[in-house]
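Colleague: Take a look at this one; I'll ask things after.
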Amino acid sequence: MRIPMVDLAGQYRDLKAQIEPAMAATLNAAQYILGPNVQAFEAEAAKYLGVKHAITCANGTDALHLALLAAGIGPGDEVITTPFTFIATAEAIAYVGAKAVFVDIDPQTLNIDVAQVAQAVTPKTKALLPVHLFGQPANIQPLLDLAQKHGLKLIEDCAQSFGAHVGGRQTGSMGDVGAFSFFPSKNLGCYGDGGMVTTQSDAMAETLRMLRNHGSKVRYYHDIIGYNSRLDELQAVVLRAKLPHIDHYNQQRRRVAHRYSAGLTGLGIQTPHEDGVGLHVYHQYTMLTDRREVIQKALADQQIASAIYYPVPLHQQKVFADMAAGQSFPVTESVAARCLSLPIYPELSDAAVDEVCGVIRQALQA
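Following the working numbering, the numbering of the sequence shown begins with 2 at its first residue and continues without gaps.
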């Protein structure tokens, strides 16, 4: 594509002089697992996010899985979450033997509708799992209040929200535990898979460190059944190089997003909503339109990428057919039928944004 969804090569070129020597030093040191760069990145990420502990792992799905385990969620428990998210959110709940209980989304923010969450709480509910979707922080305070009222754990899915904050509090620092993804296209991404779990709890952090490393605190001594889920040193090198730039990257994403929104006015398109409380960091620029196919074809004809996140809500997925039988979430279903994401990355020029808007305007006014 002439204008892709993301330009990872462009970002690498900007950091090449910093990353390559650090990579070479790591290769020469030949310490690849849980080495000094992993430890340093965990400390740097914890400081940035304002948390006591940051524990890296192999990927974002594992981060959710380990977070749920550390929170004590297991068979027979219910976890309230959104049906409008990537499947990993619900997969992780299934991994621990719990049941995902879906609640519809807010039509403006596209995050879980907090007004409906209280109605979904049952005696089996053990946790709330909001997703900060597309970089938009969820309305977290009412959920924190509800969790405290009912004695529930609050687990933040921060896979798309590194650097987003609410009143100065970073996503991943407000609940009992937060789960991050460092998939390459994320706002803070590595050059493979990577993830991280955050918590203020010493006890949960100790459990998480064991869970990611075969249940072990001391080599060859195993206290619990754990997993092989460790971030490698080479990925930590990349993340350490990028972390000091994350605020700039997010500012540039916001520049792109605001220019899109200005350029798409008067076309009957619902552009992303900012509530003025949380800082949206625009992992995706996702708009809603009744003419999605027309826009996608016009963009593709001009070699401009677009994507649909997500075309099939979780409650309509085959894998959850039995669990979600008979359930309907009208806002989620409407959004899934109309959502369209446009290219967004820090290096995207104003001229490219204007071109994308021009193609859409021409297609809709034809």
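We treat Cβ as the ideally placed atom computed from N, Cα and C, and that holds for glycine. All values reported here derive from a predicted model rather than from experimental measurement.
1) State the Cα-Cα distance for the pair Ala18 and Ser307, rounded to the nearest angstrom.
2) Between Thr62 and Glu92, is the Cβ-Cβ spacing less than 8 Å?
3) Could you check whether Leu67 and Val219 sit closer than 8 Å to each other, using their CB atoms as the reference points?
4) State buried or exposed for Met2, treating a residue as buried only when at least 16 other CB atoms are found within 10 Å of its CB.
5) Can you give me the C-alpha to C-alpha distance between Gly279 and Gly136, rounded to a whole angstrom?
6) Among Tyr283, Ala364 and His246, which residue has its Cα nearest to the Cα of Leu16?
7) Which class does Leu129 belong to by DSSP, given the choice of helix, strand or coil?
8) Which ranges would you report for the beta strand (DSSP E) in the stretch 204-239 if only whole runs of at least 3 residues count?
9) Apply the 10 Å Cβ neighbour rule to Pro331 and answer buried if 16 or more other Cβ atoms are within range, or exposed otherwise.
10) Would you give the residue range spanned by the beta strand (DSSP E) that His54 belongs to?
11) Between the stretch 157-169 and the stretch 120-135, do at least 3 Cβ pairs fall closer than 8 Å?
12) Taking C-beta to C-beta, are Val354 and Tyr261 nearer than 8 Å?
13) Beta-carbon within less than 6 Å of Ala160's beta-carbon, same chain only, minus the 5 sequence neighbours each way: which residues are those?
14) Let me make sure I understand the geometry here. Which of Tyr192, Tyr221 and Val178 has the alpha-carbon closest to that of Leu209?
15) Around the Cβ of Glu294, are there at least 16 other Cβ atoms within 10 angstroms (buried) or fewer (exposed)?
16) Please report how far the alpha carbon of Thr272 lies from the alpha carbon of Leu289, in whole angstroms.
17) Quick check: the Cα distance between Ile156 and Val313, rounded to an integer number of angstroms?
18) Beta-carbon within less than 8 Å of Gln363's beta-carbon, same chain only, minus the 5 sequence neighbours each way: which residues are those?
19) First and last residue of the beta strand (DSSP E) that includes Val198?
20) Report all residues from its chain with a CB closer than 8 Å to the CB of Gln32; omit the five preceding and five following residues, and keep chain order.
21) With C-beta atoms as the reference, is Asn229 less than 8 Å away from His215?
22) Going straight from the alpha carbon of Leu315 to that of Ile309, what length do you get?
23) Quick one: using the 10 Å Cβ neighbour count with 16 as the cut-off for buried, is Ala242 buried or exposed?
Modeller: Short version:
1) 31 Å
2) yes
3) no
4) exposed
5) 10 Å
6) His246
7) strand
8) 217-219
9) exposed
10) His54 to Cys58
11) yes
12) yes
13) Gly61 and Ser182
14) Val178
15) exposed
16) 7 Å
17) 24 Å
18) Ala299
19) Gly196 to Thr200
20) Glu234
21) yes
22) 14 Å
23) buried
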